[in-house]
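Inspection log for the structure reproduced underneath, given as structure tokens.
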Amino acid sequence: MQIEEPVFPSGNLPVNGVVIRNSAQLGAVIRQRREQFELKQTDLAGLGGTGNRFIVDLERGKPTVQLQKVIDLMDLLGLDVVVKPKTSPGCGRLSGAPQW
Numbered sequence: 529m530q531i532e533e534p535v536f537p538s539g540n541l542p543v544n545g546v547v548i549r550n551s552a553q554l555g556a557v558i559r560q561r562r563e564q565f566e567l568k569q570t571d572l573a574g575l576g577g578t579g580n581r582f583i584v585d586l587e588r589g590k591p592t593v594q595l596q597k598v599i600d601l602m603d604l605l606g607l608d609v610v611v612k613p614k615t616s617p618g619c620g621r622l623s624g625a626p627q628w
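Here the numbering used here is used: the first residue of the sequence shown is 529, the next is one more, and so on.
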């Protein structure tokens, strides 16, 4: 699955972040951020110490990319990974999920 339209029509990531539900959405966010810095995929690959194929796969939403490489690239692009519980009661897939 590939998202062609911009995730953020303004081109700017909202200050309070965005909820990512799948690898295609994450890839689209990373692609937009790379484009904000006016970097080519090969530029990002070089700066991140990875291959161009990895960047292509990541931006296309390949679900099996290496997590640590993704985190490293996000850090390079000035993006954070934040994990928090969902706010709606009973919205988790597991019944009786712990309330953190």
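We put the beta carbon where it would ideally sit given N, CA and C, even for glycine.
In the DSSP annotation of this structure, the continuous segment of the alpha helix (DSSP H) that includes Glu587 starts and ends at 580 to 587. Collapsing the DSSP output to three states places Ile558 in a helix.
Under the three-state reduction of DSSP output, Glu563 falls in the helix class. Cβ contact annotation for Val584 (same chain, cutoff 8 Å, sequence separation greater than five): Gln569, in chain order. In this structure Ile558 touches Leu605 by the C-beta definition: roughly 7 Å separates them, less than 8 Å. The continuous alpha helix (DSSP H) containing Gly576 extends over residues 569 to 576.
Minimum Cα-Cα distance from Asn550 among the listed residues Lys590, Leu575, Asp571, Asn580 corresponds to Lys590. Relative to the Cα of Arg561, the nearest Cα in the group Thr578, Leu541, Val609 belongs to Leu541. Residue burial is scored here from C-beta neighbours: Phe565 has fewer than 16 other C-beta atoms within 10 angstroms and is therefore classed as exposed. With respect to Ile599, Val609 sits close: the two C-beta atoms are nearer than 8 Å.
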